[in-house]
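Asker:
2 protein chains.
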Amino acid sequence: METSFLLAKINMLMTSDHSSVVSMNLFVALLCACIVVGHLLEEYRWMNESITALAIGLCTGVVILLTTQGKSSRLMVFSEDLFFIYLLPPIIFNAGFQVKKKQFFRNFMTIMLFGAIGTLISFGIISLGAVHIFQKMNIGPLEMRDYLAIGAILSATDSVCTLQVLNQDETPLLYSLVFGEGVVNDAASVVLFNAIKSFDITHINSRIALEFMGNFLYLFILSTMLGVLAGLLSAYIVKKLYFGRHSTDREVALMILMAYLSYMLAEFFYLSAILTVFFCGIVMSHYTWHNVTESSRVTTKHVFATLSFVAEIFIFLYVGMDALDIEKWGVVSNSPGKSIKVSSILLGLVLIGRAAFVFPLSFLSNLTRKSKYEKIDLKQQVTIWWAGLMRGAVSMALAYNQFTRSDAKLRGNAFMITSTITVVLFSTVVFGLLTKPLVRILLPSTKYFASTTSSEPSSPKSFTQPLLSNGHDLETHQNGKSILRPSSLRKLLSTPSHTVHHYWRKFDDAFMRPVFGGRGFVPFIPCSPTDQDDHQWL
Amino acid sequence: METSFLLAKINMLMTSDHSSVVSMNLFVALLCACIVVGHLLEEYRWMNESITALAIGLCTGVVILLTTQGKSSRLMVFSEDLFFIYLLPPIIFNAGFQVKKKQFFRNFMTIMLFGAIGTLISFGIISLGAVHIFQKMNIGPLEMRDYLAIGAILSATDSVCTLQVLNQDETPLLYSLVFGEGVVNDAASVVLFNAIKSFDITHINSRIALEFMGNFLYLFILSTMLGVLAGLLSAYIVKKLYFGRHSTDREVALMILMAYLSYMLAEFFYLSAILTVFFCGIVMSHYTWHNVTESSRVTTKHVFATLSFVAEIFIFLYVGMDALDIEKWGVVSNSPGKSIKVSSILLGLVLIGRAAFVFPLSFLSNLTRKSKYEKIDLKQQVTIWWAGLMRGAVSMALAYNQFTRSDAKLRGNAFMITSTITVVLFSTVVFGLLTKPLVRILLPSTKYFASTTSSEPSSPKSFTQPLLSNGHDLETHQNGKSILRPSSLRKLLSTPSHTVHHYWRKFDDAFMRPVFGGRGFVPFIPCSPTDQDDHQWL
Chain A
1 METSFLLAKI NMLMTSDHSS VVSMNLFVAL LCACIVVGHL LEEYRWMNES ITALAIGLCT
61 GVVILLTTQG KSSRLMVFSE DLFFIYLLPP IIFNAGFQVK KKQFFRNFMT IMLFGAIGTL
121 ISFGIISLGA VHIFQKMNIG PLEMRDYLAI GAILSATDSV CTLQVLNQDE TPLLYSLVFG
181 EGVVNDAASV VLFNAIKSFD ITHINSRIAL EFMGNFLYLF ILSTMLGVLA GLLSAYIVKK
241 LYFGRHSTDR EVALMILMAY LSYMLAEFFY LSAILTVFFC GIVMSHYTWH NVTESSRVTT
301 KHVFATLSFV AEIFIFLYVG MDALDIEKWG VVSNSPGKSI KVSSILLGLV LIGRAAFVFP
361 LSFLSNLTRK SKYEKIDLKQ QVTIWWAGLM RGAVSMALAY NQFTRSDAKL RGNAFMITST
421 ITVVLFSTVV FGLLTKPLVR ILLPSTKYFA STTSSEPSSP KSFTQPLLSN GHDLETHQNG
481 KSILRPSSLR KLLSTPSHTV HHYWRKFDDA FMRPVFGGRG FVPFIPCSPT DQDDHQWL
Chain B
1 METSFLLAKI NMLMTSDHSS VVSMNLFVAL LCACIVVGHL LEEYRWMNES ITALAIGLCT
61 GVVILLTTQG KSSRLMVFSE DLFFIYLLPP IIFNAGFQVK KKQFFRNFMT IMLFGAIGTL
121 ISFGIISLGA VHIFQKMNIG PLEMRDYLAI GAILSATDSV CTLQVLNQDE TPLLYSLVFG
181 EGVVNDAASV VLFNAIKSFD ITHINSRIAL EFMGNFLYLF ILSTMLGVLA GLLSAYIVKK
241 LYFGRHSTDR EVALMILMAY LSYMLAEFFY LSAILTVFFC GIVMSHYTWH NVTESSRVTT
301 KHVFATLSFV AEIFIFLYVG MDALDIEKWG VVSNSPGKSI KVSSILLGLV LIGRAAFVFP
361 LSFLSNLTRK SKYEKIDLKQ QVTIWWAGLM RGAVSMALAY NQFTRSDAKL RGNAFMITST
421 ITVVLFSTVV FGLLTKPLVR ILLPSTKYFA STTSSEPSSP KSFTQPLLSN GHDLETHQNG
481 KSILRPSSLR KLLSTPSHTV HHYWRKFDDA FMRPVFGGRG FVPFIPCSPT DQDDHQWL
């Protein structure tokens, strides 16, 4: 048979020097397939690109498994470097670049509450549950450190998947809350994970807890500052030298390189690179993006989105392919019942751990919000709880880091890795599939918005978008309609809690924009009503 | 001192696990520096980005050398994979994407003559010269194979550097000849190099020569076909599924991935990947590019240019840094006089080898050209000879491949590697610096063109460009001016030698465009004069 010959040839080549070329070919071809299939399935509201990529990855894994007679199911060894150095930066940077800044900063305190305190609560519940249940189950030798690690690993929300299931234009509040939480959560997870590895956690006391808090604050503030500085530097350079005069390509290259430099510098200083590149994206979209030529704007907007899109697909394709890796399943295949039990328990703990902080913290957050429209109602709380349940590639990478350094053949380690994979696959596929319908059922008012926004997702920074939004906003205001979101936005703007934003705008216009550029190069003139309206959406 | 402490820290880190992060940081920062400095030096007509990058790379090499007390001068080990798998594809694809197709295909036979026969002549002269001179010089044990390899290595024109010193808009004929030659030349070099490694070349007879010819033709035709097929497939998919309906990012991602896939497939089948991706770029700009949305067009145009730009700077930065690597110079430093002698002899052979085919083959090519304006005059021949003298990263990569596999400490091998580096540096810096002024002195008529074209270099495929060119063209025609280039173009179009192009256009409009799309989705209507005029520039 033709195919079997071809597969045998591929098999032969995979063990030779040529193997990297073969696997890259297959990977690139599979990426193309994912894009085409994802496009064809776009009409079905249940599907999204992640699940398509996961499914294609799983199928490919099965094919490779059969071809190699059960020896291997993957084309490359999962490398943390590949993930953290090449795939994650474009995704997070793009999220910062395209996030609705106003929405994000308005909910800043709630996001911090969810991201920092919430992660701690979730971590505590999962770790405690794992200690109590697994110690009775005889799943192999696991230290206290391992139980704490699994808590930290499964507290890391998958911001990549969140980006796919929630739409910034449809549900701006939820998007900013859940995604913002995911970003802060990452910093918390990194601190937690490093703390577990380095601190002596057998006897936790108040000193260690304080040290831990200090560590988190230090990490958070320094990472943010680095990102902001990198963004401002890029804005200043582009404004001062005016690259567009000679070539658009230089501007685009400089923006990409500076963004990447901020990420790598954060890695260099052992900071949270994800936080850094996120804030770098925000600053770049606020200043640098307005300083470049028009074609650079179009290019950067789409380039960052494309890079992020490809990186996302790559991750899910890889996770799907890697899930079948036979070595890891070998140890646990003797006791399939126990394996399923462990996975279900962990999944249950994830569900409880998230519920345990979303609802109480939402209640707390609501206490500070005076307007009725501002409050996070129960339906929204359920959506926040649900949309943050997905676990993704970050969890997988951390699990590999923790449970393969020591002998991977150990029963306990094997159980932890396979359970993590099961939780990742199950949560991504099942929760991911159900999120879109759930949002539509719980929050039907968003339909109106879905129809008014353009077909391009997550591109609020297009030139026409702010104008369009403004027009629409004014219209509904004049007609006196009481649609939930715009009117609540208007209310929000009039409340005193937004004095911080008011002062920021004053400061921005007086000191920042003259130096770093920004919309239209010129400082903001407060007497122009159009400009002011425009400003609200910035 | 602050800096010495920092450098000591960097030094310490470079030997640790953190080293890859450090070197990436430095590399990205240096890339940014190159872009900024290159921008600032743009006004000086002698400089170009390659030389800036080379200089910065050399300076960094010196700094690292001093910091590490002469142990190392580079941040990464030169990797052929990095060069051939990541850096070269975007450069060559972009060249195909932005090349003036009409100009390229009109000179196709001349390009083939230069690229295939010319490389053979150059290879023969350099190899023979090396055998005769070096055997008397006692520079260590070198086999016949090594002499032939040095001939093949130094026959590889650096198409990357050519792109930088020649301007497509200023000197379209020379650009297409020299650059096209560089691309074909690559295929010839690959064949030559592989032939030297596998054939028994001690007794060359007619059978081997024939086999060699057949091998080259096979490689050339298959590589071209693969590239054309990949391009057509992408055009068909984009046209059929119309991705822009859902998202621009999908289109951009698919174009990038398909182009890269063509390159990797060619590598997989041991073809000339450079030829493949070059033709893929040509087909994509002819069909696919016209099928996508407007924002995708702007994005892809600039993205390909930016990627190519960054990859070029990266290569020169790296070559500059690597040139100082102390290990290689250690062996030859005992006999500096001999080292300089070997390098000068090789440089002289390169000069003679190129002269030996440019002038005779130009004469041959002129015999087939009837019009006086078509002929390649002596000044142009000199420019072609000069502009193709630069040797670059391809030569370095091949030299590493040949002379480090066996023991690098061997005297002969060390001489060959250091001489190759010297030739590369000298030719890039000296010949590169002199090319721009030389072109201005020898071909002053191009000044007029330089002023009329837009400030964006190498972007002939912009929407407005064809219209602008047409307008300008029509104007000069009406005014009856006799400027060299446009009038010769007009003459060329009326000569019978372009019947091939005429039939291709007919075929394109009747069969290809209805299936694969292309400008405006609609088939070409021959009765419209504007459209026809437009067509000439396609």
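Residue numbers (full-length UniProt numbering), protein chains in the order written: chain A, 1 to 538; chain B, 1 to 538.
No residue lacks a Cβ here, since even glycine has one placed at the ideal position from N, Cα and C.
This structure is a prediction, so every number in the text was calculated from the model and none was measured.
1. Establish whether the CB of GLU267/B and some CB of chain A are separated by less than 8 angstroms.
2. Using 7 angstroms as the cut-off, classify the Cβ of PRO336/A as near or not near the heavy atoms of the ligand SAH, replying yes or no.
3. Mind checking which residues open and close the alpha helix (DSSP H) that includes ASN94/B?
4. Between which two residues does the alpha helix (DSSP H) harbouring PHE123/B extend?
5. How close, in whole Å, do the beta carbons of PRO385/B and ALA414/B come, if the pair is a contact with beta carbons under 8 angstroms?
6. Using the Cβ count rule (16 or more neighbours within 10 Å means buried), how would you classify ALA209/B?
7. Let me know if SER234/B comes out buried or exposed under the rule of 16 or more other beta-carbons within 10 Å of its beta-carbon.
8. Mind checking LYS447/A: buried by the 16 CB within 10 Å criterion, or exposed?
9. Rounded to whole angstroms, what is the Cα-Cα separation between GLN168/A and ILE91/A?
10. Hey, quick one: how far does the alpha helix (DSSP H) through LEU153/B stretch, first residue to last?
11. Would TYR441/B be called buried (16 or more neighbouring beta carbons within 10 Å of its own) or exposed?
12. With distances taken between CB atoms, is the gap from ILE111/B to LEU177/B smaller than 8 angstroms?
13. Where are the alpha helix (DSSP H) runs, 4 residues long or more, that stay fully inside the region 380 to 426 of chain A, in chain order?
14. Give the residues of chain B in contact with CYS32/A, contact being defined as C-beta atoms less than 7 angstroms apart.
15. For the region 31 to 68 of chain B, list the alpha helix (DSSP H) runs that are entirely contained and at least 4 residues long, ordered along the chain.
16. If I measure Cβ to Cβ from residue 539/A and keep anything under 7 angstroms in the same chain, skipping five residues before and after, which residues do I get?
17. Three Cβ pairs or more, each shorter than 8 angstroms: is that satisfied between the region 310 to 324 of chain B and the region 314 to 327 of chain A?
18. What are the boundary residues of the alpha helix (DSSP H) that includes ALA253/A?
19. Find the residues of chain A that neighbour ASN24/B, judging by a C-beta separation of less than 7 angstroms, and give them in chain order.
20. Is it buried or exposed for PHE511/A, if we count other Cβ within 10 angstroms and need 16 for buried?
21. Would you report the Cα separation of VAL394/A and ALA152/A, rounded to the nearest angstrom?
22. Let's see if you can read the secondary structure: which residues bound the alpha helix (DSSP H) around GLY214/B?
23. On the three-state DSSP scale, how would you describe ASN366/B?
24. Could you check how far apart the C-beta atoms of THR383/A and LEU433/A are, in whole angstroms? I think they sit under 8 angstroms.
25. Using a Cβ-Cβ distance under 8 angstroms, would SER295/B count as near chain A?
26. According to the Cβ coordinates, are GLY392/B and ALA53/B closer than 8 angstroms?
27. Can you list, in chain order, the residues of its chain with a C-beta nearer than 6 angstroms to that of ILE274/A? Leave out the 5 residues immediately preceding and following it.
28. Count the C-beta pairs between the region 22 to 37 of chain B and the region 286 to 296 of chain B that are closer than 8 angstroms, then say yes if the count reaches three, no if not.
29. For a cutoff of 8 angstroms on Cβ pairs, would you count PHE309/A as touching chain B?
30. Is GLN103/A helix, strand or coil by DSSP?
31. Here's a check: name, in chain order, each residue in its chain whose Cβ is nearer than 6 angstroms to the Cβ of GLN103/B, leaving out the five neighbours to either side.
32. Check each candidate in LYS101/A, SER362/A and SER371/A and name the one with the smallest Cα separation from TRP504/A.
33. Assuming GLY115/A and ALA188/A make a contact with CB atoms under 8 angstroms, what is their CB distance in whole Å?
34. Candidates TYR373/B, ILE133/B, PHE359/B and ARG513/B: which alpha carbon is nearest LEU349/B's?
35. Taking the alpha-carbon positions, what's the GLY353/B to GLN381/B distance?
36. Exposed or buried, which one is ALA450/A when buried takes at least 16 other CB atoms within 10 Å?
Answerer: Quick answer:
1. yes
2. Among the components of this structure there are no ligands whatsoever, and the ligand SAH is therefore not found.
3. 88 to 98
4. 119 to 134
5. The sequence given here places Trp at residue 385/B; Pro does not occur at that position. So it is not a contact: roughly 31 angstroms between Cβ atoms.
6. exposed
7. buried
8. Reliability fails at LYS447/A, whose pLDDT of 43 lies under 50, so the model's placement of it is uncertain and no value is given.
9. 15 angstroms
10. Inspection of the sequence shows that residue 153/B is occupied by Ile rather than by Leu. It spans 144 to 153 - the alpha helix (DSSP H) in which ILE153/B sits, taken as one unbroken run.
11. Looking at the sequence provided, one finds Ile at residue 441/B rather than Tyr. Exposed.
12. yes
13. 393 to 403 and 411 to 426
14. LEU254, LEU257, MET258 and LEU261
15. 49 to 67
16. With chain A covering only 1 through 538, there is no way to say anything about residue 539/A.
17. no
18. 248 to 268
19. The amino acid occupying residue 24/B in the given sequence is Met; Asn does not appear at that position. Within 7 angstroms Cβ-Cβ: MET264.
20. exposed
21. 11 angstroms
22. 206 to 241
23. helix
24. Their Cβ separation, rounded to whole angstroms, is 15 angstroms, which puts THR383/A and LEU433/A out of contact at 8 angstroms.
25. yes
26. no
27. ILE92 and ASP186
28. no
29. yes
30. helix
31. PRO172 and SER176
32. LYS101/A
33. 6 angstroms
34. ILE133/B
35. 14 angstroms
36. Interpretation of ALA450/A is limited by its pLDDT of 38, a score under 50 that renders its predicted location unreliable; the figure taken from the coordinates is listed afterwards. The residue in question, ALA450/A, is exposed, as its Cβ has fewer than 16 Cβ neighbours within 10 Å.
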